[in-house]
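So the structure is just underneath, and the comments pick up after that.
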Amino acid sequence: MIESLNQIFASWSYFLLASLIGSALIFFTIGLRSIRHGALEGLLFMAIGVFFMSVHIYHLLDISNQQPIGIATHSLNLWSWLSLIYAPALIALFLFSSLLSFVTSRYYSGMIKAYFGLTLLCLLFMLGSNWAMDIRGIIASIYSGIWLNLELRTT
2 MIESLNQIFA
12 SWSYFLLASL
22 IGSALIFFTI
32 GLRSIRHGAL
42 EGLLFMAIGV
52 FFMSVHIYHL
62 LDISNQQPIG
72 IATHSLNLWS
82 WLSLIYAPAL
92 IALFLFSSLL
102 SFVTSRYYSG
112 MIKAYFGLTL
122 LCLLFMLGSN
132 WAMDIRGIIA
142 SIYSGIWLNL
152 ELRTT
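Basically the working numbering = 1-based index in the sequence shown + 1.
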């Protein structure tokens with residue numbers, strides 16, 4: 002487990018990729034929340050989310066094979082992208098939004114978000130470190146739906 006995490010975090014490109022996908026997810030949820038409440042500036046937030054997603058895709062396709070993350074992304078498919086890049090960004094979003102909920106005195110919401118973030122971390126990088134990429138990707142996509150549901154319900 003330690004070696005795989007060291008390989009993942011060996012390059013700053015990984016942090017850039019994860020932060021871009023995290024930013025896209027944040028802007029998508031803000032846009033969905035705004036549109037649901039009838040505000041049209043939600044379309045602007047959705048456009049910013051599309052921008053961050055397109056920058057993420059451009060940078061993902063532009064990584065050279067000399068970097069440590071470039072070797073891992075050379076044979077990248079949907080499942081490995083979900084488990085290697087998307088899932089850590091989702092874990093960070095769960096934990097940061099739980100911290101924000103604690104700061105704003107919404108303790109119940111913060112505990113639920115911290116629980117889901119830590120269980121995803123344990124499932125993918127502790128218990129499931131030897132699992133197949135498709136199983137890890139499916140778990141990450143299920144937790145993505147949970148995150149979207151929690152963020153849209155706790156407004």
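For each residue, glycine too, the CB sits at the ideal point set by N, CA and C.
Which of the three DSSP states is assigned to residue i in this structure?
i: Gly39; result: coil
i: Gly118; result: helix
i: Gly129; result: coil
i: Leu94; result: helix
i: Arg107; result: coil
i: Ile64; result: coil
i: Leu26; result: helix
i: Asn150; result: helix
Beta-carbon within less than 6 Å of residue i's beta-carbon, same chain only, minus the 5 sequence neighbours each way: which residues are those?
i: Ser98; result: Lys114
i: Gly118; result: Ile92, Phe95 and Leu96
Starting from the C-beta of residue i, find all residues in its chain whose C-beta is less than 8 Å away, skip the five residues before and the five after it, and write them out in chain order.
i: Arg34; result: Gly43, Glu152, Leu153 and Thr156
Less than 8 Å between the CB atoms is what I'm expecting for residue i and residue j, so what's the real figure, rounded?
i: His57; j: Ile27; result: Contact flag wrong, Cβ pair sits at about 13 Å.
i: Trp13; j: Leu94; result: Not really, about 20 Å apart at Cβ, beyond 8 Å.
(message) Does the contact criterion of 3 or more C-beta pairs under 8 Å hold for the segment 137 to 153 versus the segment 74 to 92?
(response) yes
(request) For the segment 85 to 99 and the segment 117 to 127, state whether three or more C-beta atom pairs, one from each stretch, are separated by less than 8 Å. (result) yes
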